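Report on the structure given below.
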Amino acid sequence: MTLAKTLIERALRRRDKIHAWIRQTDSFATQQCRVLEVSKTDIRLEVANADNVPDKFILLFAKDGPRHHASVMWRRGTQVGVQCAGRPVLR
Numbered sequence: 000m001t002l003a004k005t006l007i008e009r010a011l012r013r014r015d016k017i018h019a020w021i022r023q024t025d026s027f028a029t030q031q032c033r034v035l036e037v038s039k040t041d042i043r044l045e046v047a048n049a050d051n052v053p054d055k056f057i058l059l060f061a062k063d064g065p066r067h068h069a070s071v072m073w074r075r076g077t078q079v080g081v082q083c084a085g086r087p088v089l090r
């Protein structure tokens with residue numbers, strides 16, 4: 000996830016809105032989210048409803064790009080803290 004993380008960090012420094020998509024592991028349906036913060040260990044996302052985000056899901060920074068397996072660490076209101084596991088999976 001180093002290339003994706005580098006691009007996200009650059010955009011966050013410029014205060015760009017970074018959109019991503021959450022996809023359940025057994026479905027092709029997605030829900031849009033916004034990346035608020037990226038650290039070495041986790042990513043903070045803003046979603047419409049944190050309770051609708053599955054505990055484990057696939058995080059996409061581009062709909063046709065690499066897939067990042069993610070797990071929810073915490074939920075607060077419309078924000079979700081997630082941790083990505085390993086390297087991204089290419090299509």
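Note that the sequence shown covers residues 0 to 90 in numbering that gives the first Met the number 0.
Don't be surprised by glycine CBs; every beta carbon is placed ideally from N, CA and C.
The model shown is predicted, which means the values in this text are computed figures rather than measured ones.
- Counting only residues of its own chain and dropping the five nearest sequence neighbours on each side, D41 has a CB closer than 7 Å to the CB of M72, G80, V81 and Q82.
- Under DSSP, the beta-bridge partners assigned to V37 are I42.
- One alpha carbon belongs to V52, the other to Q31, and they sit about 11 Å apart.
- Distance from the Cα of N48 is smallest, within the candidate group K16, Q78, I17 and R33, for Q78.
- For A19, the enclosing beta strand (DSSP E) starts and ends at I17 to R22.
- The three-state secondary structure of A49, taken from DSSP, is helix.
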